[in-house]
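Worksheet: the structure to be examined is printed underneath.
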Amino acid sequence: MVELAEHVIVTCSLGVLKAGIHSEAGLCFSPALPAAKREAIERLGFGLVTKLFMELEDGNAEESSPFPSLRMAFDPGRHVSSIPWWIRRTDSICPIHDGSRVLLAWFVGQEAAEVEALDNDEIVAGVNATLAGFLPGSGFRIARVRKTGWGRDHRFLGSYSYVPVRSSGNDQDALSEPLPSLHVLFAGEATHRTRYATTHGAYLSGVREADRLLQYYNLHTCGY
Numbered sequence: 001m002v003e004l005a006e007h008v009i010v011t012c013s014l015g016v017l018k019a020g021i022h023s024e025a026g027l028c029f030s031p032a033l034p035a036a037k038r039e040a041i042e043r044l045g046f047g048l049v050t051k052l053f054m055e056l057e058d059g060n061a062e063e064s065s066p067f068p069s070l071r072m073a074f075d076p077g078r079h080v081s082s083i084p085w086w087i088r089r090t091d092s093i094c095p096i097h098d099g100s101r102v103l104l105a106w107f108v109g110q111e112a113a114e115v116e117a118l119d120n121d122e123i124v125a126g127v128n129a130t131l132a133g134f135l136p137g138s139g140f141r142i143a144r145v146r147k148t149g150w151g152r153d154h155r156f157l158g159s160y161s162y163v164p165v166r167s168s169g170n171d172q173d174a175l176s177e178p179l180p181s182l183h184v185l186f187a188g189e190a191t192h193r194t195r196y197a198t199t200h201g202a203y204l205s206g207v208r209e210a211d212r213l214l215q216y217y218n219l220h221t222c223g224y
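Oh and the sequence shown: position 223 is 223 in my numbering, straight run, nothing missing.
What follows is the structure in C-alpha cells.
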C-alpha cells in the first residue's frame, strides 16, 4: 500500500533507524538520508533494558513473612554454579510494592538480551535456583514470569537512546532536523536533547514537530 502526503513525521525508534542504515531490517529512505543525519544516527547509542516480572507460588511464605528486597551483590570468590550467569548482573529482586506477590528485576545489555531469548521455564528454574541460594529454607518459589521484549520486537529493536562517548547533544539536534521543505520530519525520544530516554521526551518531540508544521502554515501552535 502506498500513502501519499505533503508531510511525514517519522517517529520510529533509533534502533529501527540504525538498522535501516546498513540493511533492510529497519526503516529505509529513498533517496538516502543526508550524511550528517546518518552519522548522528550511528554515533548515538540505543540500549536494551528488560524488565522481568515474577509471580510467587500460592502458599509461599509471604503469608507470614513478606518477600524481602534482595540486593544482588555476588562475590566472584563464592561462585554458586546453580545460579545462572544472566541473573548475576541484575541489581535487585524486589516486590513491586509492599506485600506484593509479584517481584521485579531489571536487566541491561547482554543479560537483557539473554533474558529475552530464554524460554520462560528456563527463567523460572534460574530464578528459583537463585532464591534457594539467597534464601535457603524460606519456601519462596516462582510460579510464572512475564518479561518485556523490546529488543526482539522488530518495531523497536531496543529500549531507549543514550549519548555515548564521541556523541553529544549535537547529534540529537541533527537527528531532529527536518528534511528540506518539511516533507519529512523526525520525532521520538532520541530526538529530544534533554528528555531523551523518557516517555515525556517522546511526547514533547511530537508536539515540537506539530508546532513546526503549524508555524509553516501560519496556524496556532500547540505551545511546545
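The beta-carbon is built from N, C-alpha and C at its ideal position, and this holds for glycine as well.
Problem - Length of the line joining the Cα atoms of ALA19 and ALA143 - result: As a position in the sequence shown, residue 19 is number 19, starting the count at 1. As a position in the sequence shown, residue 143 is number 143, starting the count at 1. Taking the straight line joining both Cα atoms gives about 37 Å.
Handout entry: Under the three-state DSSP convention, the category SER229 falls into
Key = Limits of the chain in this structure are 1 at one end and 224 at the other, which puts residue 229 out of reach.
Practice task
Determine contact between the stretch 47-55 and the stretch 165-172, defined as no fewer than three beta-carbon pairs at a distance below 8 Å.
Solution key: no
Exercise for the section: Kindly indicate which three-state DSSP category GLU62 falls into: helix, strand or coil? Expected result: To locate residue 62, count along the sequence shown from 1; it is residue 62. Bear in mind that the predicted position of GLU62 carries a pLDDT of just 49, short of 50, making it unreliable; the figure below should be weighed with that in mind. Reduced to three states, the DSSP call for GLU62 is helix.
Exercise for the section: Jot down the residue ranges of each uninterrupted beta strand (DSSP E) in the stretch 91-157, minimum 3 residues, whole runs only, in chain order. Expected result: 92-95, 102-108 and 142-147
Practice task
Note the first and the last residue of the continuous beta strand (DSSP E) segment covering VAL207.
Solution key: Within the sequence shown, residue 207 is the residue found at index 207, counting from 1. First-last for VAL207: 199-216, but that is the alpha helix (DSSP H), not the beta strand (DSSP E).
Handout entry: GLU55: first and last residue of the uninterrupted beta strand (DSSP E) it sits in
Key = For the purposes of this step, residue 55 is taken as the residue at position 55 of the sequence shown. It spans 49-56 - the beta strand (DSSP E) in which GLU55 sits, taken as one unbroken run.
Handout entry: ARG193 - DSSP class collapsed to helix/strand/coil
Key = Counting from 1 along the sequence shown, the entry for residue 193 is found at position 193. Coil at ARG193, not helix or strand.
Handout entry: Spatial distance of GLU62 from SER138 (CA atoms)
Key = In the sequence shown, residue 62 corresponds to position 62, counting from 1. In the sequence shown, residue 138 corresponds to position 138, counting from 1. With a pLDDT of only 49 at GLU62, under the threshold of 50, the placement of this residue in the model should not be trusted; the figure read from the coordinates follows. Distance between the alpha carbons of GLU62 and SER138: 9 Å.
Handout entry: Where ILE87 falls: helix, strand or coil (DSSP)
Key = Reading the sequence shown from its first residue, position 87 is the one you call residue 87. Reduced to three states, the DSSP call for ILE87 is helix.
Handout entry: Contact with chain D by GLN172, beta-carbon distance below 8 Å
Key = Among the chains of the structure shown, chain D does not appear; only one protein chain is present.
Handout entry: DSSP-derived helix/strand/coil call for LEU4
Key = Along the sequence shown, read from residue 1 onward, the residue named residue 4 stands at position 4. The answer is coil: DSSP assigns LEU4 none of H, G, I, E or B.
Handout entry: 8 Å Cβ shell around ARG43 - same chain, five flanking residues per side excluded
Key = Looking up residue 43 in the sequence shown gives position 43. Closer than 8 Å at the Cβ level, and outside the excluded window around ARG43, lie PRO164, ARG166, SER167 and ASP171.
Practice task
Please state whether DSSP places ARG166 in a helix, a strand or coil.
Solution key: In the sequence shown, counting from the first residue as 1, residue 166 sits at position 166. ARG166 falls in the coil class under three-state DSSP.
Practice task
Mind the definition here: the stretch 34-42 touches the stretch 174-181 only if three or more C-beta pairs lie below 8 Å; say whether that holds.
Solution key: As far as the Cβ criterion goes, the stretch 34-42 touches the stretch 174-181, which means the pair count is three or higher.
Handout entry: Three CB pairs or more closer than 8 Å across the stretch 84-98 and the stretch 23-33
Key = Three or more beta-carbon pairs separated by less than 8 Å are not found between the stretch 84-98 and the stretch 23-33, which leaves the two stretches without contact.
Practice task
Look at the Cβ atom of LEU185, then the Cβ atom of HIS7, and state whether they are nearer than 8 Å.
Solution key: On the sequence shown, residue 185 is found 185 positions in, with the first residue counted as 1. On the sequence shown, residue 7 is found 7 positions in, with the first residue counted as 1. Closer than 8 Å, so yes.
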